[in-house]
Amino acid sequence: MFDYDGRTGYEPISDTDRKEFHEQGFLLLRNVLTEDHRAALEEAVDRVYAEEKAKGNTTKDGTLHLLGFLERDELFGQLLTHPIAFPYMWGLAGWNIYTHHNHLDVTPPALEPEKPYWGWHQDGYRQNSDPETMDPNLPRPMFSLKVAYVLSDLSETGRGATKVIPGSHLWNSLPRPADLTVHNPDPEGTVEITANPGDAFIFDRRQWHSRSTNLSNITRKMLFVGYTYRWIRPLDELHIDTDGEWWANRTPVQRQLCGEGTHTANYWGINWNGYVDDEIPLRKELKERGLLDRSIPWLR
């Protein structure tokens, strides 16, 4: 539907990008969406936003944070295997993955000046506690990562963009100010991800990050798609009609990414005999294309 110069979503990422991601915890990718694709996604977001606002599901200032949005439009389902972004998902996390968490965000200009707020966090909830070690210098596992598609102009600071601390994905804690009733400076090294419409960024769930207040006159519009291992339970609840057109249009790989599996062991990447299941759609696709790599644990 959209022209990506023959890109298939199965072009391996570079060693340079992999190294930067592992060192910094995030990657900013320029011009991921063509302009016609970006515009079509924005139109779909505007439609969903209007529907949710009519139901009273936005905040008083019009903000919408909608979980599990993928089945709301055909274009959203196609994002699961976007030809430029998807190689980073399987390239950094492997073939036994699916989307456990995805959200559509619309953030209009703030109605009042910024209030004191400390929103710095890592994603994952109990994933930040249950696998904790007694050694604070030993980072917890990544477990998941997200790709964030930028639909509006976030090329200047103050437009509600995500803030990150590069390299902080290797920290298990972040000092918290004693008094949260006053404005506190952002942690040292903070970067606000300024991006153009059509850009995207990818980040490790452990990356310490925070929302920022939209102090501009531009409405921030973003789509976030998270990927994790199939043996981890979903965070968001999808409402997919498996007899409907949206599901019928999904490829085998996209169905895997929506959580489909043949049996419980399949989610662990194996058959009941304990051997790797080569029929898992993404593994099968990578194997047929010669993209499995025993030197990379998650691509074995």
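The working numbering puts the first residue of the sequence shown at 6, with every later residue one more than the last.
Backbone N, C-alpha and C define an ideal beta-carbon position, used for all residues, glycine too.
Rounded C-alpha distance that separates residue i from residue j
{"i": "W273", "j": "V281", "result": "9 Å"}
{"i": "D51", "j": "T224", "result": "11 Å"}
{"i": "P141", "j": "L175", "result": "10 Å"}
{"i": "P286", "j": "Q261", "result": "7 Å"}
{"i": "E265", "j": "N62", "result": "29 Å"}
{"i": "L220", "j": "I18", "result": "36 Å"}
{"i": "V258", "j": "V230", "result": "15 Å"}
{"i": "W303", "j": "A98", "result": "6 Å"}
{"i": "S215", "j": "R238", "result": "24 Å"}
{"i": "K60", "j": "V152", "result": "28 Å"}
{"i": "E16", "j": "D135", "result": "35 Å"}
{"i": "L296", "j": "D22", "result": "17 Å"}
{"i": "E293", "j": "G96", "result": "16 Å"}
Per-residue DSSP class, three states only, for residue i
{"i": "S217", "result": "coil"}
{"i": "V37", "result": "coil"}
{"i": "H126", "result": "strand"}
{"i": "Y93", "result": "helix"}
{"i": "L287", "result": "helix"}
{"i": "F7", "result": "coil"}
{"i": "I58", "result": "Here residue 58 turns out to be Lys, not Ile, going by the sequence shown. Reduced to three states, the DSSP call for K58 is helix."}
{"i": "K168", "result": "strand"}
{"i": "H70", "result": "strand"}
{"i": "E193", "result": "coil"}
{"i": "A183", "result": "coil"}
{"i": "D209", "result": "strand"}
{"i": "L32", "result": "strand"}
{"i": "L159", "result": "strand"}
{"i": "A44", "result": "helix"}
{"i": "A270", "result": "helix"}
7 Å CB neighbourhood of residue i in its chain, flanking five on each side removed
{"i": "K120", "result": "none"}
{"i": "F91", "result": "G14"}
{"i": "S217", "result": "G165, A166, K168, E197"}
{"i": "P88", "result": "Y9, R12, T13, G14"}
{"i": "F7", "result": "T39, D41, H42"}
{"i": "A199", "result": "Looking at the sequence itself, residue 199 is Thr, so the reference to Ala does not match. Closer than 7 Å at Cβ, skipping near neighbours: L159, S160, E161, T162, A166."}
Bounding residues of the beta strand (DSSP E) (the contiguous stretch that carries residue i)
{"i": "T112", "result": "102–112"}
{"i": "T233", "result": "225–234"}
{"i": "K151", "result": "149–155"}
{"i": "F26", "result": "No beta strand (DSSP E) contains F26, which is instead part of the alpha helix (DSSP H) from 20–29."}
Residue i, buried or exposed, once every other Cβ within 10 Å from all chains shown has been counted against 16
{"i": "R211", "result": "buried"}
{"i": "I301", "result": "exposed"}
{"i": "L185", "result": "exposed"}
{"i": "E117", "result": "exposed"}
{"i": "D246", "result": "exposed"}
{"i": "N107", "result": "buried"}
{"i": "Y130", "result": "exposed"}
Proximal residues to residue i (C-beta, below 6 Å), its chain only, five neighbours per side dropped
{"i": "R305", "result": "R299"}
{"i": "W123", "result": "L185"}
{"i": "L33", "result": "F206"}
{"i": "T195", "result": "K168, I170"}
{"i": "M94", "result": "Y232"}
{"i": "Y54", "result": "L69, V111"}
{"i": "W100", "result": "L287, R288, L291"}
The alpha helix (DSSP H) enclosing residue i, as first and last residue numbers
{"i": "A253", "result": "250–253"}
{"i": "F81", "result": "79–83"}
{"i": "D132", "result": "Residue 132 is actually Gln in this sequence, not Asp. Unbroken run through Q132: none, as it is neither H nor E."}
{"i": "P305", "result": "Just to set this straight, residue 305 is Arg in the shown sequence, not Pro. No alpha helix (DSSP H) contains R305, which DSSP labels as neither H nor E."}
{"i": "R260", "result": "257–262"}
Close Cβ partners of residue i (< 8 Å) along its chain, the five nearest in sequence each way excluded
{"i": "N276", "result": "A270, D282"}
{"i": "E137", "result": "R145, N177"}
{"i": "H244", "result": "G73, E76"}
{"i": "D158", "result": "R164, N201, P202, I223"}
{"i": "E57", "result": "T63, L69, L71"}
heavy atom of the ligand NAP below 6 Å from residue i C-beta
{"i": "T21", "result": "Among the components modelled here there is no ligand, and therefore nothing to report on the ligand NAP."}
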